[in-house]
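In what follows, a structure is listed as structure tokens, so that the remarks can point back to it.
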Amino acid sequence: MGRAGIQLLFAGTIFSSAFLLFLVQPLIAKQILPWFGGSAAVWSICMVFFQAVLLAGYAYSDWVTRHLRVRAQAALHVGLLLASLAFLPLVVRAGWKPSGAEDPTWLILGLLFATIGLPYFLLSTTGPLVQSWVARTPWGAQVYRYFSLSNLASLLSLLCYPVFIEPRSSLWQQARGWSWGYGLFVVLCAGTTLLVARRWPEDTPLPEGPGQAAAAEEYKQPPWTDSLLWLVLPALASWLLLAVTNHITQNVAAVPFLWILPLSLYLFTFVLCFESDRWYRRSVFLPLAAGVLLLCAFGLQHHVGSDVRTGLPIYVGGLFVLCMFLHGETARLRPGPNHLTRFYLMLSLGGATGGALVGLVAPHVLPAYYEMGIGLMLTALAAAAVLRRRVWLRVSSVALAACCAFFLIVQIGGDRSDARHLLRNFYGALITFDVRRTDPSNNVRLLSHGSIKHGEQFLDPSRRREPTTYYGATSGIGRAMAVAPAAPRHVGLIGLGAGTLASYGRSGDVYRIYEINPQVFELADSEFTFLRDSPARIERVLGDARLALERESPQGFDLLAVDAFSGDAVPVHLLTAEAMDVYMRHMKPDGIVAFHVTNRFLELAPVVARIAQAKGLHAVLVSDDAEASKWLNPTDWVLVARDPAVLARDPLRAVASPIATPEDARPWTDDFNNLLGVLK
Numbered sequence: 009m010g011r012a013g014i015q016l017l018f019a020g021t022i023f024s025s026a027f028l029l030f031l032v033q034p035l036i037a038k039q040i041l042p043w044f045g046g047s048a049a050v051w052s053i054c055m056v057f058f059q060a061v062l063l064a065g066y067a068y069s070d071w072v073t074r075h076l077r078v079r080a081q082a083a084l085h086v087g088l089l090l091a092s093l094a095f096l097p098l099v100v101r102a103g104w105k106p107s108g109a110e111d112p113t114w115l116i117l118g119l120l121f122a123t124i125g126l127p128y129f130l131l132s133t134t135g136p137l138v139q140s141w142v143a144r145t146p147w148g149a150q151v152y153r154y155f156s157l158s159n160l161a162s163l164l165s166l167l168c169y170p171v172f173i174e175p176r177s178s179l180w181q182q183a184r185g186w187s188w189g190y191g192l193f194v195v196l197c198a199g200t201t202l203l204v205a206r207r208w209p210e211d212t213p214l215p216e217g218p219g220q221a222a223a224a225e226e227y228k229q230p231p232w233t234d235s236l237l238w239l240v241l242p243a244l245a246s247w248l249l250l251a252v253t254n255h256i257t258q259n260v261a262a263v264p265f266l267w268i269l270p271l272s273l274y275l276f277t278f279v280l281c282f283e284s285d286r287w288y289r290r291s292v293f294l295p296l297a298a299g300v301l302l303l304c305a306f307g308l309q310h311h312v313g314s315d316v317r318t319g320l321p322i323y324v325g326g327l328f329v330l331c332m333f334l335h336g337e338t339a340r341l342r343p344g345p346n347h348l349t350r351f352y353l354m355l356s357l358g359g360a361t362g363g364a365l366v367g368l369v370a371p372h373v374l375p376a377y378y379e380m381g382i383g384l385m386l387t388a389l390a391a392a393a394v395l396r397r398r399v400w401l402r403v404s405s406v407a408l409a410a411c412c413a414f415f416l417i418v419q420i421g422g423d424r425s426d427a428r429h430l431l432r433n434f435y436g437a438l439i440t441f442d443v444r445r446t447d448p449s450n451n452v453r454l455l456s457h458g459s460i461k462h463g464e465q466f467l468d469p470s471r472r473r474e475p476t477t478y479y480g481a482t483s484g485i486g487r488a489m490a491v492a493p494a495a496p497r498h499v500g501l502i503g504l505g506a507g508t509l510a511s512y513g514r515s516g517d518v519y520r521i522y523e524i525n526p527q528v529f530e531l532a533d534s535e536f537t538f539l540r541d542s543p544a545r546i547e548r549v550l551g552d553a554r555l556a557l558e559r560e561s562p563q564g565f566d567l568l569a570v571d572a573f574s575g576d577a578v579p580v581h582l583l584t585a586e587a588m589d590v591y592m593r594h595m596k597p598d599g600i601v602a603f604h605v606t607n608r609f610l611e612l613a614p615v616v617a618r619i620a621q622a623k624g625l626h627a628v629l630v631s632d633d634a635e636a637s638k639w640l641n642p643t644d645w646v647l648v649a650r651d652p653a654v655l656a657r658d659p660l661r662a663v664a665s666p667i668a669t670p671e672d673a674r675p676w677t678d679d680f681n682n683l684l685g686v687l688k
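Numbering (the numbering used here), first residue to last: 9 to 688.
What follows is the structure, given as structure tokens:
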């Protein structure tokens with residue numbers, strides 16, 4: 009095989025491994041979400057698994073290159089590749105489905121290990137291991153370009169899944185396609201392994217590359233400061249990625265798929281910085297980074313950073329510049345090929361550390377999204393460490409850190425002066441605050457989750473039971489309440505918010521509330537009085553609503569309100585044909601399931617209507633512009649019933665309208681759903 013063919017084999021192996029590595033994460037997570045609920049905790053457990061196995065793969069690559077000869081590496085690796093084929097096809101077995109309400113953490117980790125453990129581990133090893141083999145070839149000086157290629161493959165995988173793969177295939181088809189792709193990867197990787205063992209079997213002098221030390225220096229241990237920066241700089245880039253993503257999706261615009269933009273830029277900076285030294289120039293990016301740090305820190309003030317017209321360009325553009333600085337400085341510190349696998353291990357450990365601090369630690373120790381300001385301050389201090397040999401740059405960086413700290417303190421002070429309560433956990437940050445108006449009878453208390461309002465109550469005792477926001481008498485849910493039987497009603501609520509719907513409760517009614525976030529119950533009790541003032545009996549179920557309903561005996565609801573679709577992270581598992589079956593099992597023959605589909609960015613009404621049509625049910629849309637009252641918001645509710653006569657009762661008949669659905673639209677199921685296809 010000629011040089012071009014060998015380089016193509018190396019490139020194909022690395023590209024396919026990175027592409028499959030990124031692709032499998034949403035694929036496997038989507039398979040198990042209906043079993044464990046579409047909660048942030050489930051995604052977090054999946055990410056902990058992926059990061060842990062990725063680190064294990066990098067550690068394996070570092071160990072085998074240091075302790076085994078090339079032929080021993082080849083024998084071990086080919087054996088593992090062949091063994092991993094036993095994990096195919098990539099389908100989670102039904103035996104892993106939970107049987108009760110136990111903590112799912114260990115069950116999820118166990119099923120992930122049993123389903124994808126060895127294949128994911130081997131995909132993780134490929135980048136650093138194959139690059140260590142490339143370093144033995146005559147063109148080994150270009151080895152870091154392969155790292156750029158792997159990040160390009162990750163970026164393409166990230167974009168391909170929501171745009172091309174998810175809308176056009178079911179989960180089973182995706183799993184089968186991924187399994188075939190993995191089989192091809194095994195062939196490529198085994199071929200690469202055997203080729204290296206045959207052509208470059210013994211330790212050979214590693215080539216000298218531009219910007220690296222001479223060959224005689226390649227075996228020297230890098231300074232401990234460099235090794236530390238290999239960890240710290242990628243950790244800060246990962247930290248800023250998640251901090252910016254949290255900020256723009258929670259505080260700027262709750263737009264579905266908006267998280268793809270910062271992640272794409274993050275990966276793109278890896279591609280640029282490791283493809284060639286020409287992309288990162290200190291003379292360009294140092295002043296840019298300084299300006300961006302100040303601008304992003306200033307933007308922590310709510311009126312600047314939370315306005316979509318200013319906040320989005322500030323933080324998305326800022327992330328690109330700061331990641332170019334952090335990844336560019338990391339690339340400048342890259343060692344010779346002899347220390348390549350250790351370098352990648354530290355990069356991976358840094359990325360995992362930054363992600364864990366923001367994703368797992370911050371929700372438990374920070375009452376709001378303060379990691380943005382902390383990350384900016386730490387980045388300025390890291391710049392001082394990188395530029396420590398030039399006094400004026402070091403001093404300037406410390407001064408920048410002080411400025412970032414000042415604006416962070418201003419942000420914290422502003423939150424504490426405006427907010428009554430700030431609470432945060434895996435499910436996000438909740439804030440309650442009072443709005444005072446000229447007429448004291450119009451003063452209200454608000455509950456919000458980022459930029460999404462989840463409830464409002466008048467502070468005047470005479471108006472406390474008055475429905476507000478999306479739940480007025482003229483809204484779809486208000487009219488559904490009006491047509492419900494006059495006898496004591498049994499009402500189910502999926503999603504609590506401030507508890508506004510409890511204001512419709514009467515003596516003898518039973519309101520059963522399903523809420524996944526315990527802090528929502530806490531604030532509904534301590535900050536609002538809808539639950540306390542309601543004459544109805546209130547029953548509480550903490551946990552994922554669909555899982556709870558699947559385990560319960562039929563409740564016999566007159567009305568079930570499904571109110572969980574207003575944000576950017578739509579719980580799709582509550583909006584599938586299987587979920588509709590669960591709901592209808594709990595309904596009385598003339599019961600109504602009301603879906604709150606008000607959303608600025610997603611057209612969800614046709615999704616519900618298509619599922620109802622496929623199940624032989626009837627659906628109507630009730631839109632309310634709420635012009636008659638300044639205390640109500642425009643709403644869209646889809647009402648679903650078995651009997652069309654129920655939806656033709658007054659006062660529904662005059663306002664209900666049919667819902668047009670595309671003829672070729674597929675009903676959403678656990679196996680197939682496509683948020684991109686319903687973007688407005």
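Quick reminder that beta carbons are idealized off the backbone N, C-alpha and C, glycines included.
Here DSSP, grouped into helix, strand and coil, assigns residue 594 to coil. When beta bridges are read from the DSSP output, residue 477 appears opposite 640.
Around the beta carbon of residue 675, a 10 Å sphere encloses 16 or more other beta carbons of the protein chains shown; the residue is thus reported as buried. Rounded to the nearest whole angstrom, the C-alpha separation of residue 600 and residue 647 is 6 Å. Taking 7 Å as the cut-off, the Cβ atoms of residue 364 and residue 388 do not count as close. For residue 25, the closest alpha carbon among the candidates 162, 497, 121 is that of 162. Separation of residue 173 and residue 669 (C-alpha to C-alpha, rounded to the nearest whole angstrom) is 22 Å. In this structure, the beta-carbon distance from residue 58 to residue 50 does not fall below 7 Å. Each of 258, 466, 476 was checked against the Cα of residue 458, and the nearest Cα belongs to 258.
Within the segment 57-106, no run of beta strand (DSSP E) at least 3 residues long lies entirely inside it. Of the residues 466, 297, 617, 477, the one whose Cα lies closest to the Cα of residue 449 is 466.
Residue 106 places its beta carbon less than 7 Å from that of residue 115.
If you ignore the 5 residues before and after residue 34, its C-beta comes within less than 7 Å of the C-beta of 169, all in its own chain and listed in chain order. DSSP, reduced to helix, strand and coil, places residue 246 within a helical segment of the structure shown. In the three-state DSSP reduction, residue 631 falls in the strand class (E or B). A straight-line Cα-Cα distance of about 18 Å links residue 239 and residue 152.
Assigned with DSSP and collapsed to three states, residue 548 falls in strand.
Distance from the Cα of residue 134 is smallest, within the candidate group 626, 500, 86, 628, for 86. Residue 470 is classed as exposed because its beta carbon has fewer than 16 other beta carbons within 10 Å across all chains shown. Here DSSP, grouped into helix, strand and coil, assigns residue 623 to coil. Runs of alpha helix (DSSP H) with 4 or more residues, each lying fully within the segment 373-427, are found at 379-394, 399-426, listed in chain order.
Per DSSP, reduced to three states, the secondary structure at residue 435 is coil, with no helix or strand assignment.
Its chain contains 642 as the residues whose beta carbon lies nearer than 8 Å to that of residue 633, once the 5 sequence neighbours on both sides are disregarded; these appear in chain order. Boundaries of the alpha helix (DSSP H) harbouring residue 206: 179-207, taken from the DSSP string. Look at residue 645 here: in three-state DSSP terms it is strand.
The three-state reading of DSSP puts residue 502 in strand, counting E and B together.
Closest in alpha carbon position to residue 597, among 562, 607, 286, 354, is 562. Separation of the CB atoms of residue 463 and residue 506 is rounded to 2 Å, and the pair is thereby assigned contact status at 8 Å. Counting of Cβ neighbours within 10 angstroms places residue 191 among the exposed residues, the total staying below 16.
Counting along the chain, residue 568 sits inside the beta strand (DSSP E) bounded by residues 565-570. One Cα belongs to residue 528, the other to residue 198, and the distance between them is close to 52 Å. Beta-bridge partners of residue 465 (DSSP): 453. In this structure the segment 652-666 lies against the segment 471-491, because at least three pairs of beta carbons, one per stretch, are closer than 8 Å.
Under DSSP, residue 353 forms no beta bridge with any residue.
By the neighbour-count criterion, in which a residue is buried when 16 or more other Cβ atoms sit within 10 angstroms of its Cβ, residue 645 is buried. Listed as beta-bridge partners of residue 460 by DSSP are 457.
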